[in-house]
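Trainee:
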Amino acid sequence: MTLTLLDELLLFSGVTVLVAMLLGRRLPAGWMVTILYGIQLLALMKMAPLGYGGEPISSALTFEVMGQTLSWRFDALSWYFALITLGSALLSSWYACGEWEQRFRQSGGNLWLFHLAMTLNVFSMLILLASGDLLSLFIGWELVSWAGFLLMAMAGGVATKAAMRYITYAMAGAMAIFGGIALVYVSAGSLQYEAILTAASQMSTAHLWMLVILFGAGFGIKMGLMPFHLWQAPAYAETPGPGSAFLGAISSRMGLFAILLVLVKLFGIVNIDSLKIPFTLIDARDLLAWIAVFTIIFPTFTAMKQNDARQLLAWHGIGQGGYMLLGLVVADAMGAAGGLLHVFNHATYQAALFMAVTAVIHRTGTADLNKLGGLVVRMPLTFMVLLVGIIGLAGLPPMNGFVSKWLVYRSLLNEGMPLLFVAAVIGTLGTILSVYKLIHNIFLGQLRIEHDNVKEAPWSMMIPMLILAAIIFITGLLPGIPLAWVASVQQAVGLPVSDYTLGGVESASGSLDMIWVIGVLFAGFGIGALIFYFAGGRSKRVHQLDNYAGGHFLTADVRYQYSDNFYAGLMHLIGGWYRGSFLWLEQSVKSLVEFLSLGMQGLYRRANAEFYLLSTALFVIAWVVI
Amino acid sequence: MMPDISLELILYTTALGLISIGLAGVVLSRHLFRMVLALGIAEAGANLMLVLAGYRWDAVAPILTTLGEHPPMVDPVPQAMVLTAIVIGVGIQALAVSILIRIRQRYGTLDRSQVVERMDAEIADTASIPRDVSQESPLGERPLPSIPDSTVEIRGGHS
Amino acid sequence: MRNLTGLLFAGGLGFMLLAIASGLDFGAPPMLVGGAIQAAAPQETGATNIVTSVVLGYRGIDTLGELSILFAAAASAGLVLGRRHTTAGTLTEGGFVLKHGGAMLFPLLLTIGFYIIFHGHLTPGGGFQGGVILAAAFFLPLLARPGARLHHGMLSVIEGFAGSSFILIGLAALSEGEAFLQPMLVQDALGQLVSAGTLPLLYLAVGLKVGAELAGLLSHLAQTESEV
Amino acid sequence: MTEIELWIVMLLALMVLSAAVMVLLVKNHVAAVAAASVVPLGLALLFVLMRAPDVAMTEAAVGAGLSSLILALALRRLGLWQIDGVKTRTNLIKTQSEGHRNA
Amino acid sequence: MSDLIVLPLVLPLFGAFLLPIVMRTSISIGAWIGPAILAYGCWILGDQWISGTTLPFSLAIGGFAPPMGINLYIDSLALLFAFAVQLLGLLFWPFKIDQETARRQALMLLLVAASTGLALSGDLFNLYVFYELVAVATFGLIAASGGSAAYASAIRYLILSGIGSVLTLLGIALIYSQTGTLNLAHLAQLAPEQLNNKLGLTAFLTILIGVGVKAELFPVNTWVPEVYATATSRVSAFLAGLVSKLALLIILRLLVLIFHQPEAIQVMLVLGILGVISGELAAWRAKDMRRMLAFSSIGQLGMIFIALAIPEQGGLLAVLALTFHHLLIKSGLFMLADGWGGAIEKLRGAAKRSPLAAAIFVLFSLSLIGMPPLPGFWAKFTLITQLAAQTSPLYLIGLTVFLLATVIEAAYLLRLAALLYGPAAKDTPIDTLAKPAGLSLATASLFGIGLLAAALFIAPVGDLLNHVAGQAANTDLYINTVLAGTGGSQ
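Line by line, the protein sequences are chains P, B, U, H and V. Oh and the first sequence: position 412 is 412 in this note's numbering, straight run, nothing missing. Oh and the second sequence: position 80 is 1080 in this note's numbering, straight run, nothing missing. Oh and the third sequence: position 37 is 2037 in this note's numbering, straight run, nothing missing. Oh and the fourth sequence: position 62 is 3062 in this note's numbering, straight run, nothing missing. Oh and the fifth sequence: position 269 is 4269 in this note's numbering, straight run, nothing missing.
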């Protein structure tokens, strides 16, 4: 048995897990693990041809269990997601080394468990991405779920509660998938992708509907699609800093990967198109699109309400997932490219944002947006990173988020879906508003007295953040780099391929060249600066407190910046009711289970249960016999 | 004169009637001792049913009295099984009764629901589960405070 | 209400089963196995009482299981009731008739018991019935004189040896190269006491075991404890 | 089966069934045990008519004799031995008091 | 050699009869009798397996050819179960030496013998006898565990089981009246003509409910939570792990060999579904570990009943996989409950006190939930593919319920796991936390190792089970093996 490139990658990943498990208690474990991630990334790079239309690579390892064949292989889709996974793992782990690690250990955190959970996550994600049939997909899926649970639950307390909620949702999703797999197996007679491909075209509408619902719900839970999104934000937010950066960057994208693989590639988005919902004008695909749009809007506006920076970011993570799905569901060349590209872009800026917020927590000890402010003078580099990140998140030029969102919008307009377009824009509006809240409440305004001697984040944390910021900008400037990978992914899953250039896309229905856009943008800034300096260019540095309000001069002990209850008016207008309704739904399901459980226990505790039970039994006999 | 009713019907009615009465008794009694008695009756019914399975018109008991030719005999196999079943039944009855003795000794009552209640309470105690009545059973099912024996007897006496 | 449901339930069950049973062919059993056994039993087991040949021969392992059940019941009852031989509080002393009658009956019952056991393969009766009579024989003095105690040690020794000898007889056949519990030493003398080979021995074991167990059980039940 | 046998069977069946019902309905436990021992006794006679002497013997010895003895002894130890039935008010319907031990 | 197969059945009885006498003279000798007999039984059965005697074969007891006499039918399934019985008997042996040792050990031996009989016997009434023996020995062992609650639960169990045995006996009487035979193979031969009617159906249903008492079938399983909460962990483990499976084995044999009516299968499916619903839901709110395990066991058995309602080899495979998986897991979990049996709330932070036990608990829970690549996943996978392949909508309901129940199961098991690993309650030092007893923990780890081994060698294990299922599903093979050369059909 010769090892293929894929085997090497998985082997390295497994070794990383082992190293974390055996040596994780020693201090340099963080560095060792980081280096090992680097080696995995190198191994992935050896498979780089995959990203440019290369042939899929299979693992030499196959199993034959209970009449099923388990196999693993990598294609462009897997490679693309693996790249993001390993990249974010490498940077998060790097970020964790050094000062953060020491602080974490001092505050009673279990570093060994952290490294172990991270490596397990990466390993299980690679296994999932490498799945070569539905069964190995499910195995990988479960492993990812449980590894994620470990990472989320390890902080204890609130985190464990959030993780419990997550795992309940995840189990429900997994069981939906499990059921779906059983149905597929029955109709296709096998779980190999090829067999399913042929069977999918002949399935009856009812069957296909059932499968779309089961798989869609199952994978959607992981993605945090409405109405299954409630678990995600608390779970991600409560994970230890670098962990939430990693999870926020990639974890829930595994759901998107599976949707791409199963719904798009295997069932074919075209087949799904034919599933009409009776008595309405929409079909399953429209349904998915609308779910995606609602997933954009509601969580984004919920994010606006958050007062914890991590929660805010985590809620955004849910909303951004909606853009990806939306692009994919539109399924033309541009939309799909936008959705896929957004996965990459989102991973970069989400990781950067989480890291920046973690850096703030590291220095100030809090992520409460009502207790921060003015840190720009103390942590300018972190501010820069956060700024780059939120520009990306909001989808404004010159950062990479703009490219992917532009592609999605453009395709919505091209395909004649104006309502969806408007809805998506509303979502973007919410994003802009809420990220402003983030940067304003942390970095702008008045510096608090207790933060007066805060220092810039340590370099061990700074470097990964800067790298990410650079990537965000570079891929914003030259989106052709990731678009090349995206194009081969599109090809691999059978979607139309977009014509990309180094600076963007080039097609009859619309073109974008970021080099030009950014050139114009900077030219605009340049002209403005020129005018400013030529017009006199007088500027004066003033102290933050060199100011007055209501006729009084300010002192440091007076709060003149009110960040509490930000956007109060808007919140008053829209607030509350929608998220409350989902919570209510969740609560009512839980209460129903509780109630039924009570009933069942009562049944077993009744003193004369024999009577009821025996008579039921005899009724059964009577029913059958007579 | 032959009665209008066939032997078959009488015997099956007896056997199945015993089973039904016994099962109904087990299910309905509120006293554990009666339950044991009723169980014995149901078992007797099942035994009769088994014997009936081997009965044969105009046949003799399955014992050879003469060598060589013999008249038709009833089926010996069910009889052997009934023999076994009877002894099993009495063994179980003896065991049940001895457990009853212990329960009566420990709990001072053989009323079914009271015994169950005390048992539940004891299980909860050994497991050191805090007893939170409102959680355990809905309001309507909470045990009422026990009525002193004397009151009940008076009522029972008049009814 | 509750009683009404109960009666309905019982009546319905009975009626339903009756409807089912009326489909049976009463009085003309298929006799598939029974017929074959009737034909073969005298030669194969040497017992004229075919029920006995079924109980000890064809379904011997059932009987073994049954003995075990009785043993298990007695042991469980012993476990439950404990071993305290504190005694005899309230059981009233038997009267004159009971006392002396018991003493006189004892040998009589013993004889009858053993007779029934030994003739189990020839006439109705056998180990169980004889065993019960033996138990009664031993229990009667207990009723008459509550102070007297059965010798539990002896009982359990009898019980153990009887039970194990049943198995040993079975195993003996196995060691002879035959099947477990296969009847041996079958004589061609139908109707005679010795005709059935090991069957009477098995029945003796059964009888002793049943007798000892039941006597033990009864005495356990009969003893009252001061704490009650 | 002769006509007279048929009548006997019918009588026995009636006896057995009514005894069984009695077991559940009488209030006195002693009476219940007595009724319960009538059932196997009747059955034993039935078994004789059904050409099952072995079973009949066993039923009589074990079911009627031994089992009644066990139940009676148990009644005494359970403290339910109340011949007069003044105090004991337990049957299918009434349950509360089960009478005090007599000794 | 194959004649010796009767020994694992008979020697424990022999030992049980002799034990009180030996104990009377020397406790130290007596204490070794039981384990020695069980070990010998393991050896004989294992040897039978390894020596490659052609399976299945039939062994006539007393040398009487099967339809007349009683036979033991030994196929891979029976052998597997018999071996499991002896092995678990050894593992759950009540080592405690006290005044009642003789009786308790004798009862345990009887229980083992009877269970072996249930696994091997090929005669309906004989199965009934062994079933009753199991019942009586169980009552004794439950009541022997001491507390007053144990007596109360034992009597409730006894009465319910009494109802069951009456119904079983009735069913047997009906079958015998109709066919005149009780030999399973013979019945299998006659069934298509004689039992494929309402009478046969009624007989099956009465037996189903009767035997279902031990198999924790839905309406007759009210005894489960209270008995498992009051009996000692070892007894509970044996009951939940093995005895319920043996009762299931009887139903399986009856279903495969004799009763093929669709109604019979439907009833079982419905009862199984109800069992899953009631068990898993009740477990959700259970406040102590033992009762949680008991309810979960009801749910799991319900799942097995659902699987049993698929009358094909594939369904049997699912049954076997679930059965043996549950056997391993529940026995192990009950061993952990020995010490952790109390209120769940009291287990806060117990992982620090006994990390190994907590790890084993998590392992068992994950397998029970069906996390790949643990064996539980494969068992569930087999079941759901089989269920999805059925056309009747009832099966799809079963599938849905099964999946939902798994979610609930995951929720409550993980809640407990999270408690274990969570921080200990304030003002309880770690040392005062509960901890499973050493011997029990060792036994539990043994099961854990077994589980891991099965996970590692899942492919051969799967093949083996498939082979076993194939043999068990083969009615003709059964008939021919038992009745070969006897011509006893007419």
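Yeah, the Cβ is synthetic: ideal placement off N, Cα and C, and Gly gets one too. Just so we're clear, the structure is a prediction, and the values are computed from it rather than from any experiment.
Closest Cβ-Cβ distance between P4372(V) and chain P: below 8 Å?
Mentor: Translated into the one-based positions of the fifth sequence, residue 4372(V) becomes position 372. With 8 Å as the cut-off, P4372(V) counts as an interface residue toward chain P.
Trainee: How should D4047(V) be labelled, buried or exposed, when 16 other C-beta atoms within 10 angstroms of its C-beta is the threshold for buried?
Mentor: Translated into positions along the fifth sequence, residue 4047(V) becomes position 47. With fewer than 16 Cβ atoms within 10 Å of its Cβ, D4047(V) is classed as exposed.
Trainee: Please identify, using Cβ separations under 8 Å, the residues of the segment 3049-3071 of chain H that lie next to chain B, in order along the chain.
Mentor: M3050, R3051, A3052, P3053, D3054, V3055, T3058, E3059, V3062, G3063, L3066, S3067, I3070, L3071
Trainee: Taking Cβ-Cβ distances shorter than 7 Å, what residues in chain H pair up with F2128(U)?
Mentor: Within the third sequence, numbered from 1, the residue matching residue 2128(U) stands at position 128. Within chain H, the residues near F2128(U) are T3058, V3062.
Trainee: Decide if M4068(V) is buried, meaning its Cβ has at least 16 other Cβ atoms within 10 Å, or exposed.
Mentor: In the fifth sequence, the residue the question calls residue 4068(V) occupies position 68. The residue is buried, with at least 16 neighbouring Cβ atoms inside 10 Å.
Trainee: Is R2059(U) helix, strand or coil when you go by DSSP?
Mentor: Position 59 of the third sequence, counted from the start, is the residue given in the question as residue 2059(U). Of the three classes helix, strand and coil, the one that applies to R2059(U) here is coil, per DSSP.
Trainee: Check whether the segment 344-363 of chain P touches the segment 383-396 of chain P, counting contact only when three or more Cβ pairs, one atom from each stretch, lie closer than 8 Å.
Mentor: yes
Trainee: Could you name the residues of chain V that M304(P) contacts, counting a contact when the two beta carbons are closer than 9 Å?
Mentor: Taking the first residue of the first sequence as position 1, residue 304(P) is located at position 304. Chain V residues near M304(P): none, gap ~32 Å exceeds 9 Å.
Trainee: Name the chain H residues that come within less than 8 Å of V1060(B), Cβ to Cβ?
Mentor: For the purposes of this step, residue 1060(B) is taken as residue 60 along the second sequence, with counting starting at 1. Chain H residues near V1060(B): R3051.
Trainee: Can you tell me whether V2051(U) is buried or exposed, with buried defined as 16 or more other CB within 10 angstroms of its CB?
Mentor: On the third sequence, residue 2051(U) is found 51 positions in, with the first residue counted as 1. So V2051(U) ends up on the buried side.
Trainee: Can you list the residues of chain U that Q1079(B) reaches, using a CB-CB cut of under 7 Å?
Mentor: Numbered from 1 along the second sequence, position 79 holds the residue referred to as residue 1079(B). Scanning chain U for C-beta atoms nearer than 7 Å to the C-beta of Q1079(B) yields V2051, reported in chain order.
Trainee: Quick one: measure Cβ to Cβ for M465(P) and V385(P), integer angstroms, because I've assumed they're closer than 8 Å.
Mentor: Here residue 465(P) refers to the residue found at position 465 of the first sequence. Here residue 385(P) refers to the residue found at position 385 of the first sequence. Indeed they touch by this definition, with Cβ atoms about 4 Å apart.
Trainee: For A2088(U), decide whether its Cβ has a neighbour in chain B, counting only Cβ atoms nearer than 8 Å.
Mentor: Within the third sequence, numbered from 1, the residue matching residue 2088(U) stands at position 88. Residue confidence is low: A2088(U) scores 44 on pLDDT, short of 50, so the model does not pin down where it sits. No coordinate-derived value is stated.
Trainee: Can you find a C-beta in chain H that's less than 8 Å from the C-beta of G2125(U)?
Mentor: Here residue 2125(U) refers to the residue found at position 125 of the third sequence. Judged by the 8 Å Cβ criterion, G2125(U) is in contact with chain H.
Trainee: Are the Cβ atoms of L2158(U) and I2133(U) separated by less than 8 Å?
Mentor: Indexing the third sequence from 1 puts residue 2158(U) at position 158. Indexing the third sequence from 1 puts residue 2133(U) at position 133. Reading off the sequence shown, one finds Ile at residue 2158(U), where the question assumed Leu. No, the pair does not count as a contact, with Cβ atoms beyond the cut-off.
Trainee: Between which two residues does the beta strand (DSSP E) holding N4071(V) run?
Mentor: Residue mapping note: residue 4071(V) aligns to position 71 of the fifth sequence, counting from 1. Note, N4071(V): beta strand (DSSP E), 4071-4074.
Trainee: Under 7 Å between beta-carbons, which chain B residues line up against F2009(U)? List them in chain order, please.
Mentor: One-based indexing of the third sequence puts residue 2009(U) at position 9. Within chain B, the residues near F2009(U) are A1024.
Trainee: Please report whether the beta-carbon of L2204(U) lies at a distance below 8 Å from any beta-carbon of chain B.
Mentor: Taking the third sequence and counting its residues from 1, the one referred to as residue 2204(U) is at position 204. Cβ-Cβ to chain B under 8 Å: no for L2204(U).
Trainee: What does A3046(H) touch in chain U if you count any residue whose Cβ is under 9 Å from its own?
Mentor: The sequence position of residue 3046(H) within the fourth sequence is 46, counting from 1. Contrary to the premise, residue 3046(H) reads as Leu rather than Ala in this sequence. Here the premise fails: no neighbours, minimum Cβ distance about 14 Å.
Trainee: Quick one: is L4254(V) near chain U, going by C-beta distance under 8 Å?
Mentor: Translated into the one-based positions of the fifth sequence, residue 4254(V) becomes position 254. Answer no: the Cβ-Cβ gap between L4254(V) and chain U never drops below 8 Å.
Trainee: How would you call T4481(V), buried or exposed, if buried means at least 16 neighbouring beta carbons within 10 angstroms?
Mentor: Along the fifth sequence, read from residue 1 onward, the residue named residue 4481(V) stands at position 481. Classification of T4481(V): buried, given that the 10 Å Cβ count is 16 or more.
Trainee: L381(P): which of W459(P), L413(P), A523(P) sits nearest, CA to CA?
Mentor: Position 381 of the first sequence, counted from the start, is the residue given in the question as residue 381(P). Nearest C-alpha to L381(P) among W459(P), L413(P), A523(P): W459(P).
Trainee: Leaving out five residues on either side along the sequence, give the residues of the same chain with a beta carbon under 6 Å from the beta carbon of A4191(V).
Mentor: Numbered from 1 along the fifth sequence, position 191 holds the residue referred to as residue 4191(V). So the list reads I4258, once near-sequence residues are dropped.
Trainee: For the alpha helix (DSSP H) that G2211(U) lies in, which residues bound it at each end?
Mentor: Within the third sequence, the letter at position 211 stands for residue 2211(U). Counting along the chain, the alpha helix (DSSP H) containing G2211(U) begins and ends at 2199-2222.
Trainee: Closest to L2221(U) by CA distance: which of F2106(U), F2071(U), V2080(U), E2066(U) is it?
Mentor: In the third sequence, the residue the question calls residue 2221(U) occupies position 221. For the residues F2106(U), F2071(U), V2080(U), E2066(U), the minimum Cα distance to L2221(U) belongs to V2080(U).
Trainee: Output, in chain order, the set of chain B residues within a Cβ distance shorter than 8 Å of E4100(V).
Mentor: What you label residue 4100(V) is simply residue 100 of the fifth sequence in a count that begins at 1. Ordered by position in chain B, no residue passes the 8 Å Cβ test against E4100(V), which lies about 14 Å from the chain.
Trainee: Of all the options W516(P), W141(P), T119(P), which has the alpha carbon lying nearest to the alpha carbon of M254(P)?
Mentor: Here residue 254(P) refers to the residue found at position 254 when the first sequence is read from its first residue. Nearest C-alpha to M254(P): W141(P).
Trainee: Give a yes or no on whether the C-beta atoms belonging to G4279(V) and F4305(V) are separated by under 8 Å.
Mentor: By one-based count along the fifth sequence, residue 4279(V) stands at place 279. By one-based count along the fifth sequence, residue 4305(V) stands at place 305. No, they are not a contact pair.
Trainee: For I531(P), count neighbouring C-beta atoms within 10 Å of its own C-beta (all shown protein chains included) and say buried if the count is 16 or more, exposed if not.
Mentor: Numbered from its first residue, the first sequence carries residue 531(P) at position 531. It counts as exposed.
Trainee: Identify the continuous beta strand (DSSP E) that holds Q68(P) and give its terminal residues.
Mentor: Within the first sequence, the letter at position 68 stands for residue 68(P). Residues 68-74.
Trainee: Using 8 Å as the threshold, is the C-beta distance between S2076(U) and L1011(B) below it?
Mentor: Reading the third sequence from its first residue, position 76 is the one you call residue 2076(U). Reading the second sequence from its first residue, position 11 is the one you call residue 1011(B). Taking 8 Å as the Cβ cut-off, S2076(U) and L1011(B) do not qualify as a contacting pair.
Trainee: Taking its Cβ as the centre, do 16 or more other Cβ atoms sit within 10 Å of R538(P), making it buried, or is it exposed?
Mentor: Locating residue 538(P) in the first sequence gives position 538, counting from the first residue. Flag for R538(P) reads exposed.
Trainee: When you compare the CB of H2085(U) with every CB in chain H, is at least one pair closer than 8 Å?
Mentor: Here residue 2085(U) refers to the residue found at position 85 when the third sequence is read from its first residue. At H2085(U), the pLDDT of 47 sits below 50, so the modelled position is not reliable; the number obtained from the coordinates is stated separately. With 8 Å as the cut-off, H2085(U) does not count as an interface residue toward chain H.
Trainee: Looking at chain V, which residues of the segment 2040-2064 of chain U have a Cβ within less than 8 Å of any of its Cβ atoms?
Mentor: A2040, E2044, G2057, Y2058, R2059, G2060, I2061, D2062, L2064
Trainee: Give the DSSP-derived three-state secondary structure of A4210(V) in the structure shown.
Mentor: Counting from one through the fifth sequence, the residue named residue 4210(V) turns up at place 210. First, the amino acid is wrong: residue 4210(V) is Gly here, not Ala. If DSSP states are grouped into helix, strand and coil, G4210(V) belongs with the helices.
Trainee: On the three-state DSSP scale, how would you describe F2122(U)?
Mentor: The residue labelled residue 2122(U) in the question sits at position 122 within the third sequence. Sequence inspection shows Leu at residue 2122(U); the Phe mentioned does not correspond to that position. Of the three classes helix, strand and coil, the one that applies to L2122(U) here is coil, per DSSP.
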